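The opening residue of the sequence shown carries number 1 in the UniProt record's numbering; numbering runs sequentially from there.
Here is the structure we will look at.
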Amino acid sequence: MGPSSSTGVLVIKGGDNNNSSTEQTVPESEVENSGGGNSNTTRRGLRQGKTRYRGPCEKTNPIDKCWRCRKDWSNDRRRLAQCALGFGRKTTGGADGRLYVVTDNSDDDFLNPRPGTLRYAVIQREPLWIIFAHDMNIKLNKELIMAGNKTIDGRGANIHIAYGAGITIQFVSNVIIHGIHVHHVVPTSGGLIRTQSDGDGISIFGSTNVWIDHVSMSNCTDGLIDAIQGSTAVTLSNCHFTHHNDAILLGASDSFSGDQFMQITVAYNHFGQGLVQRMPRCRWGFFHVVNNDYTHWRLYAIGGSKHPTIISQGNRFIAPPEKELKQVTKRDYAAETEWRNWIWRSEGDLFMNGAYFIESGNPSLKPRPAKKFMLTPKPAVLATRMTRYAGALECKARQPC
1 MGPSSSTGVL VIKGGDNNNS STEQTVPESE VENSGGGNSN TTRRGLRQGK
51 TRYRGPCEKT NPIDKCWRCR KDWSNDRRRL AQCALGFGRK TTGGADGRLY
101 VVTDNSDDDF LNPRPGTLRY AVIQREPLWI IFAHDMNIKL NKELIMAGNK
151 TIDGRGANIH IAYGAGITIQ FVSNVIIHGI HVHHVVPTSG GLIRTQSDGD
201 GISIFGSTNV WIDHVSMSNC TDGLIDAIQG STAVTLSNCH FTHHNDAILL
251 GASDSFSGDQ FMQITVAYNH FGQGLVQRMP RCRWGFFHVV NNDYTHWRLY
301 AIGGSKHPTI ISQGNRFIAP PEKELKQVTK RDYAAETEWR NWIWRSEGDL
351 FMNGAYFIES GNPSLKPRPA KKFMLTPKPA VLATRMTRYA GALECKARQP
401 C
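The following block contains the structure:
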């Protein structure tokens, strides 16, 4: 698809899968005020520095409708484990285990962590649903290596993993991370697995059934989220990403063909202020990018190499003002004669301020996997509403969250 423009309308493109596109014009009055307009000057207000919504609790997308706005959420935390959708839909985290309350924000001994600390909780062999006694700023001295069957649930407290190492999910299964802030993560030396961590906010390495939901992320040294080395059955949802260069990397090596089995859903996220590229950048596998709101990028939004399959549905893309930055997509390390065979599709996406998505691939090929494993996209004009509460929520016990 190439760029197009209209006066007084928004343009939704995609749907015929033949490397051209159908177009549907939508009056700007039908788009929410929080996201309307088709220039940089009318981008929606961002969470940082804006007044938070104080009205009645709203459930604005299918995942949030499963658990949000219930007064009893703090007495029924494990209900969240029923709510994952997309390729990470089978993730239940620590739902079969007991609650574990983190009471201590220290991280002094990674070999023999103190009971009550987050590190102590995540290395236990039993399933655990991990919550926090109060607000905490946790500076990790080494990367936080998680055992499987765990949920980190930050609801009810203001939890920041910052100014130290990040979280690593490596060769395990069944992990949920929900409702925390991860930012200013830096490389650290030493550890149980490798001599130095990379500075990723959340690293998913050779793992399955992982769900990252309602996490606010920014300003990490390397990536915000990396999912590599054959990680699959992963859903990244309801997150708020800001102020970062390389946001999300899905598949790290052109030579590691094991990533061809990756299946990852990226849904209901807000890609916001200060982002540059990789939202996500994909290799080899199958990636469903659905109902996200892209309000900022400085190089491109969605990219890849090594023939990944990328299905973009119901997203909103607001291009930067510069003419050379209007394209949503970027292919790396391949001539056009090669990447023209990659399956990259845009279906029902909303393009504003001159944004455009270049499709590729044989339109007669049906992308794997079966549709029953993919989220059903909502209309792109609803992307702003569906991502309005992306990032960590302010939840209080006995009040709708």
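The beta carbon of each residue, even a glycine, is placed where N, CA and C say it ideally should be.
Remember, it's a predicted structure, so these values are computed and weren't measured experimentally.
Find the nearest neighbour of residue i within the set the options, judged by alpha-carbon distance.
i, options, result
"Arg194", "Thr168, Leu140 and Ile63", "Thr168"
"Thr376", "Val289, Gln260 and Thr337", "Val289"
"Ile152", "Asp198, Asp200, Arg77 and Ile63", "Arg77"
"Met279", "Asn209, Leu140 and Ala247", "Ala247"
"Asn61", "Asn149, Val186, Pro321 and Gly86", "Gly86"
"Arg281", "Arg331, Phe110 and Lys71", "Arg331"
"Leu224", "Ala233, His160, Ser231 and Asn245", "Asn245"
"Asn149", "Asp135, Ile123 and Phe132", "Ile123"
"His243", "Ser218, Asp254, Gln260 and Asp259", "Ser218"
"Cys66", "Ala81, Thr103 and Asn75", "Ala81"
"Ile276", "Val102, Arg298 and Arg68", "Per the sequence shown, residue 276 should be read as Val rather than Ile. It is Arg298 whose Cα lies nearest to the Cα of Val276."
"Ile264", "Asp198, Thr208 and Val186", "Thr208"
"Asp254", "Ile228, Leu99 and Asp109", "Ile228"
"Ala267", "Lys378, Asn75, Leu99 and Pro187", "Lys378"
"Lys396", "Lys59, Gly285 and Arg68", "Arg68"
In this structure, does DSSP put residue i in helix, strand or coil?
i, result
"Gly86", "helix"
"Ala227", "strand"
"residue 472", "Outside the shown range of the chain (1 to 401) lies residue 472, about which nothing can therefore be said."
"Ala233", "strand"
"Glu347", "strand"
"Thr337", "helix"
"Val102", "strand"
"Met386", "helix"
"Gly357", "Correcting the residue type first, residue 357 is Phe in the shown sequence and not Gly. Residue state, collapsed to three classes: coil."
"Trp342", "coil"
"Ala165", "coil"
"Ser189", "strand"
"Ile176", "strand"
"Leu118", "helix"
"Asn209", "strand"
"Ser34", "Confidence in Ser34 is poor, its pLDDT being 36 and thus under 50, which makes the residue's placement unreliable; the coordinate value appears in the next sentence. Three-state result, Ser34: coil."
Does the Cβ of residue i have 16 or more other Cβ atoms within 10 Å, making it buried, or fewer, making it exposed?
i, result
"Lys366", "exposed"
"Val175", "buried"
"Lys90", "exposed"
"Lys372", "exposed"
"Val182", "buried"
"Thr92", "buried"
"Gly55", "exposed"
"Glu359", "buried"
"Phe71", "According to the sequence as given, residue 71 is Lys; it is not Phe. Classification of Lys71: exposed, given that the 10 Å Cβ count is below 16."
"Ala233", "buried"
"Ser197", "buried"
"Val101", "exposed"
"Pro127", "buried"
If residue i sits next to residue j, beta carbons under 8 Å apart, how far is it from one beta carbon to the other, in whole angstroms?
i, j, result
"Cys220", "Gly201", "4 Å"
"His184", "His214", "Between His214 and His184 the Cβ distance is about 19 Å, and since that is not below 8 Å, they are no contact."
"Asn269", "Ala383", "Between Ala383 and Asn269 the Cβ distance is about 10 Å, and since that is not below 8 Å, they are no contact."
"Asn112", "Ile138", "With 8 Å as the limit, Asn112 and Ile138 do not qualify as a contact, their Cβ atoms being about 18 Å apart."
"Ala301", "Asp349", "Wrong, their Cβ atoms sit about 11 Å apart, outside the cutoff."
"Arg316", "Met262", "In fact, because the Cβ distance is near 25 Å, the residues do not count as touching under 8 Å."
"Gly230", "Asp259", "6 Å"
"Tyr294", "Gln327", "Actually they are not in contact, since the Cβ atoms of Tyr294 and Gln327 sit about 12 Å apart, beyond 8 Å."
With 7 Å set as the bound, which would you pick, yes or no: does the beta-carbon of residue i sit closer than that to a beta-carbon of chain C?
i, result
"Asp200", "Looking at the structure shown, chain C is missing, and only one protein chain is on hand."
TODO: Evaluate the contact criterion for the stretch 117-124 versus the stretch 137-144: three or more CB pairs, one atom per stretch, below 8 Å.
DONE: Yes, they touch.
Open item on the list: Across the stretch 296-310 and the stretch 245-260, are there enough close Cβ pairs to call them in contact, namely three or more that are closer than 8 Å?
Closed with: Yes, they touch.
- [ ] Spell out a yes or no on whether the stretch 233-243 and the stretch 381-393 are touching, meaning 3 or more CB-CB pairs, one atom from each, closer than 8 Å.
- [x] Under the three-pair Cβ rule at 8 Å, the stretch 233-243 counts as touching the stretch 381-393.
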